[in-house]
Amino acid sequence: MKSSHFILNTVHQQRFAALYFLMCVTPITANAASPYQQQEDVVFAQSHGVAITMDIFTPQQNPNGLAIIDVASGAWSSDRGKIRDHKRALIFDIFCKRGYTVFAVRPGSLSRFSCADMVDHVEQAIKWVKSKSEQYQIDPDRIGIVGASAGGHLASLVALRQKTPVAAAGVFFPPTDFLKFEGKPIDPQEQDGLGALARALAFPDGIDSLTEAEIQSGLKSISPAHQVTAQAPPFLLIHGDADRVVPLEQSERLVAALKKNDVPVELIVKPGGGHPWFTIPVEVSKLADWFDTQLSNEKK
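Those letters in the sequence shown? Residues 907 to 1206, by the numbering used here.
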């Protein structure tokens, strides 16, 4: 079984290669007007005395009254580098050019917070955005949520819980099942590997005093594929079939659970796509197309 150290290193290696490519092929024009205005490090909550922040990207022209919550997290870490990663993937350019206001939430890092904490932070962000709907001229009932990898995992959990409802969820290559990975059970009592990662996410206080039933329940609580109900919003998942970090079967499990509950869901498989891939802005545009449909007035 892959170790969490291997997974995190592979994430960083593949991300660096993809982002280096994007930096090389994306033209930079000094005089080109940005499609957005950016507010950095807007504090929307505090947790254990730590400020939880977001960056806000407002469109320069033709706002459409719609909002996207972008969960900026990679390997369950939320340093400012994650905002830069999403910039290089053109997430903010593509959505803001269409008139969306994007709230890029940094929900905290696993070094300090559990999965439940990070989910709560994203939910607090959605509540904050809805409370500011008049200020940002957005419809609080037509908010979408996006994320990639760990960000996609957290975005999926938030969307499925519907504690702070969103209208649609679009995610890239998310881990969705912490009971099994590539057909093998995950043991949270392991000292390294996926077991250690699952333990850190689900059991910040340890598992020594827990029964097997309680351990399984805890693993399910951080697994989007085990949290699906008929009340879930529509989903779009995008995943590469050559992903060596989070295998395609993780998205397929969430898709199967959503279909079983009659929730509208689509899966786009990127041939040869890794974690991520060089041309990911193409799929970001497809994601924006999908949100255009899901969040349209006709869907209200």
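Every residue gets a Cβ at the ideal spot worked out from N, C-alpha and C, and that includes glycine. Keep in mind that this is a model prediction, so the values were computed, not measured.
Between the C-alpha atoms of V948 and A1031, what's the straight-line distance to the nearest angstrom? 11 Å
Going by the DSSP bridge assignment, what does Q944 pair with across the sheet? F963
If you draw a straight line from the alpha carbon of S1055 to that of I1049, how long is it in whole angstroms? 20 Å
When DSSP builds the beta bridges, which residues end up paired with I1144? F1078 and I1174
At what residues does the alpha helix (DSSP H) containing R994 begin and finish? G987 to R994
Suppose you measure from the CA of D1168 to the CA of A939; what does that come to, to the nearest Å? 44 Å
Excluding the 5 residues preceding and the 5 following K1033 in the sequence, name in chain order all residues of the same chain whose CB lies nearer than 7 Å to its CB. T1070
For P1091, collect the residues of the same chain with a Cβ closer than 7 Å to its Cβ; drop the 5 residues on either side in sequence, then sort them by chain order. L1085
How many Å lie between Q1122 and M1024 at the Cα? 20 Å
Report the residue from E1118, Q1095, T1117 and S1115 whose alpha carbon sits nearest the alpha carbon of L1107. Q1095
Between the Cα of T1082 and the Cα atoms of Q943, A1119, D1047 and V1134, which residue gives the shortest distance? V1134
Pull up the distance between the alpha-carbon of N968 and that of Q945, whole angstroms please. 19 Å
Taking a contact to mean a Cβ-Cβ separation below 8 Å, would you say V1190 touches L996 in this structure? yes
Candidates R1067, S1017, G1014 and D961: which alpha carbon is nearest K993's? D961
How many whole angstroms separate the CB atoms of H1181 and V1152, which I take to be in contact at a CB cut-off of 8 Å? 6 Å
Backbone CA spacing between P1080 and D999 [nearest angstrom]: 23 Å
Below 8 Å CB to CB, which residues in the same chain sit around V1072 once its five sequence neighbours on both sides are set aside? I975, I1032, I1049, G1050, I1051, V1064, A1065 and P1139
Look up F1087 in the DSSP assignment and say whether it is helix, strand or coil. strand
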